[in-house]
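Below is one structure, written out as structure tokens; the observations come after it.
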Amino acid sequence: ETSGASGKTPLSFGELALFFDTPRAASVICTSPNTILYRLDQVNFRLVVQHEGQEQDQQRAQLLKQIPVLQNLDDPSINKLVSAMTQLEYAKDELLFQKGDVMTDFFIVWKGCVQATDVVWGGAQYQ
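Written out as structure tokens, the structure is:
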């Protein structure tokens, strides 16, 4: 049995059926009196999710165009990069990587702050 409670993360169900147009994977029955649910139909759900994705893509494209090494790229190239971007979230004091790690990723800070330490560039050391 699963329940929703105020003050906690809201309970939701059925989103996979909306995304993937599949039959329901479970039966659901109300187990308490006066249960109140909000319903969102598939058409409106998809429109909102698609619109939100387009807005995020536009924001990401604008962000990429501000990065000096990417400023000369044309819009189709920027859009390809936007499609390939993955959003990651880190907690305070969580280590992203250590000096000497072999990396094949390029990071762009969207929100928050990071600190680079023990930086060596061209023989000069920075903090």
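With the working numbering, the residue at position 95 of the sequence shown is 106, and numbering never jumps.
For each residue, glycine too, the CB sits at the ideal point set by N, CA and C.
Predicted, not measured: the structure shown is a model, and the values here were computed from it.
Straight-line Cα distance separating residue j from residue i
i	j	result
Met114	Glu63	31 Å
Leu81	Val130	23 Å
Ala28	Lys103	35 Å
Ala37	Gly25	9 Å
Asn90	Asn55	26 Å
Glu66	Gly111	37 Å
Phe30	Lys76	31 Å
Gly123	Leu51	33 Å
Asp32	Thr42	27 Å
Thr46	Arg35	20 Å
Val60	Leu48	20 Å
Pro87	Ala127	32 Å
Gln53	Ile40	21 Å
Ala16	Pro44	Caution is warranted here: a pLDDT of 49 is assigned to Ala16, below 50, making its placement in the model unreliable, and the coordinate value is therefore given only provisionally. One C-alpha to the other measures close to 14 Å.
Close-in-space but distant-in-sequence residues of the same chain around residue i (CB under 8 Å, 5 per side omitted)
i	result
Leu107	Tyr101, Phe118, Val125
CB of residue i within 8 Å of CB of residue j, strictly
i	j	result
Arg57	Met96	no
Val93	Asp68	yes
Trp121	Leu74	yes
Status (buried if at least 16 other CB within 10 Å, exposed otherwise) for residue i
i	result
Leu99	exposed
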